[in-house]
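Below is one structure, written out as structure tokens; comments come after it.
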Amino acid sequence: DTISSYEARLSTLERSSRENAWSRLLPRSNPLDSLEKQMEKAQEDTQRLRAIVLPMEQEIAELKAKLARAEGLVQELQSEQRSLGSSSESLLADVDVVPSDSTPDDHITLGEGGVADKFARGLDSVSIASIPSLAPSPGPPIRRRFAPSPETVSIASSTGTLVPETIYLPPAGYQLVPAAEWTQLHEKVQQQHEALEAAAQEKASLEEALRRSNDECSKQVQVLLTQVQTSERLLQGLQTLVSETQRQTQEQMADLAASHKRMSYEVQRLSAENEGLRSASSQDPCPAMDDDNGSLPSTVEELQALVNKLRQGSASQLRAAEHQAERLRIEIVSLRERLDEEATSQSGLQEALEREQEERELLQASLNSIQSEMERLQQSQEEMNRTQAQIDAPSLGEASSVQERSEP
1178 DTISSYEARL STLERSSREN AWSRLLPRSN PLDSLEKQME KAQEDTQRLR AIVLPMEQEI
1238 AELKAKLARA EGLVQELQSE QRSLGSSSES LLADVDVVPS DSTPDDHITL GEGGVADKFA
1298 RGLDSVSIAS IPSLAPSPGP PIRRRFAPSP ETVSIASSTG TLVPETIYLP PAGYQLVPAA
1358 EWTQLHEKVQ QQHEALEAAA QEKASLEEAL RRSNDECSKQ VQVLLTQVQT SERLLQGLQT
1418 LVSETQRQTQ EQMADLAASH KRMSYEVQRL SAENEGLRSA SSQDPCPAMD DDNGSLPSTV
1478 EELQALVNKL RQGSASQLRA AEHQAERLRI EIVSLRERLD EEATSQSGLQ EALEREQEER
1538 ELLQASLNSI QSEMERLQQS QEEMNRTQAQ IDAPSLGEAS SVQERSEP
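Taken in order, the sequence shown gives residues 1178 to 1585; the numbers are from our numbering.
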């Protein structure tokens, strides 16, 4: 068995023992009574597993030591093959100078050349790979060809003068690799290429997702910028409207104050005029009476005519005074109504001004929230750019490392 099979068996045994221990430790009908027994069984299983695992670990260590020794033998064989390559020219010169009267020992040596032919055919069945493949790789362990025994090497060296064309000597800096190992290396390179393609596809998908997110973020930023500009224009318009309304309100209030003063003065004037008319109407009959008394009529008809005349004059004056008073009352009522209307319009303007002030504050708050949202989107876009840069750096490093590994 190889090291991988031992490790697989070891992991299987550990898994099975762990499952058995957990199945025994599961609660049953009365877990409190059998808890000590379960603990004892678990300890026994642990000891049994340790007794199984320790020999396997020792055997694995021995196999690793044997593998290291085999690698050392392979390196020694390669050094011997390089030394054989340096003396191949002298051996080729001696091939045609074999004497006809050979001794039985020479026939025995020629007969033993079959072993050398077999060894040479074994060497011809391998492929060439570079020396760095001897270094231990982090992947699965590569099976190497163990070095032949010293007797086989000596036989091949002694018979090299007879069949030098059947022995393939690799150039300096290369080694002979079995076909299985060559296939494994090709499969590993193919796997690395597939992993590189998968990483490239994943990188492309991530770049596409990042591009889409960047486009969406830019669109959202543009929309928010448009909203901000619209809000700013609306806010400026509201500020202009508020200032214009305030100016108009102040002008109207000044006009109302001036008109109120004029109306008050007019009321006072009309009241004084009314009083003067009343006093005049009360004082006018006396002089007439005095004049009449100064020249009293001599007959009854003249006296009656004078009385009727006085009655008509007093009635006309009374009607004029009543008419004047009614006109003054109407003017006072109209002035009061105008004052009430102006006060109502002033309160309405004040309420409109307060509403516009509230709308201005709301627009300012929405503008602040939009600006904060824009800052948050910009920060998220910067974080996504940094994440993309961090993703690009490992993928590029992995691609370069895979290409370097696939070049040999």
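Built from N, CA and C at the ideal position, the CB exists for glycine as well. Just so we're clear, the structure is a prediction, and the values are computed from it rather than from any experiment.
Restricting attention to E1236, S1194 and L1240, the CA atom closest to the CA of Q1224 is found in S1194. Sorting S1256, A1434 and R1389 by C-alpha distance to the C-alpha of L1353 places S1256 at the top. Ranked by Cα distance from L1495, the first of L1412, L1454, T1476 and Q1368 is L1454. Separation of Q1489 and E1499 (C-alpha to C-alpha, rounded to the nearest whole angstrom) is 15 Å.
L1530 is the residue among L1530, K1365, R1388 and A1376 whose C-alpha sits nearest the C-alpha of Q1425.
In this structure, V1405 lies near L1544, with their beta-carbon atoms less than 8 Å apart.
Look at P1348 here: in three-state DSSP terms it is coil, with no helix or strand label. R1515 has its alpha-carbon roughly 18 Å from the corresponding atom of L1447.
Taking the Cα positions, E1452 is about 54 Å away from E1536. Distance between G1525 and E1409, taken at the CA atoms: about 27 Å. Using a Cβ-Cβ distance cut-off of 8 Å, the region 1390-1406 and the region 1547-1565 are in contact, since at least three pairs of beta carbons, one from each stretch, lie closer than that value.
In the three-state reduction of the DSSP assignment, T1476 falls in the coil class. Put simply, the region 1227-1235 touches the region 1181-1192. At least three CB pairs are less than 8 Å apart.
At least 8 Å separates the beta-carbon of M1561 from that of L1402. Distance check between S1382 and each of D1569, E1221 and E1248 places D1569 closest, using alpha-carbon atoms only. Excluding its 5 nearest sequence neighbours in each direction, Q1534 has C-beta neighbours in its own chain below 8 Å: V1419, listed in chain order. Distance from the CA of V1398 to the CA of K1380, rounded to the nearest whole angstrom, comes to 26 Å. C-alpha of A1457 to C-alpha of A1482: approximately 24 Å in a straight line. When DSSP assignments are scanned along the region 1510-1541, no uninterrupted stretch of beta strand (DSSP E) that is 3 or more residues long falls wholly within it. Exclusion of the five residues before and after I1547 leaves L1401, Q1404, V1405 and S1408 as the residues of its chain whose Cβ lies within less than 8 Å of its Cβ. Out of A1435, I1229 and K1214, the CA that lies nearest to the CA of S1188 is found in I1229. By a beta-carbon distance limit of 8 Å, M1440 does not contact L1505. Their separation comes to about 13 Å.
Excluding its 5 nearest sequence neighbours in each direction, A1502 has C-beta neighbours in its own chain below 8 Å: N1451, listed in chain order.
Within the same chain, Cβ atoms closer than 6 Å to the Cβ of M1551 are found at L1401, the five residues on either side in sequence being excluded. Counting only the Cα atoms, I1509 lies some 48 Å from Q1541.
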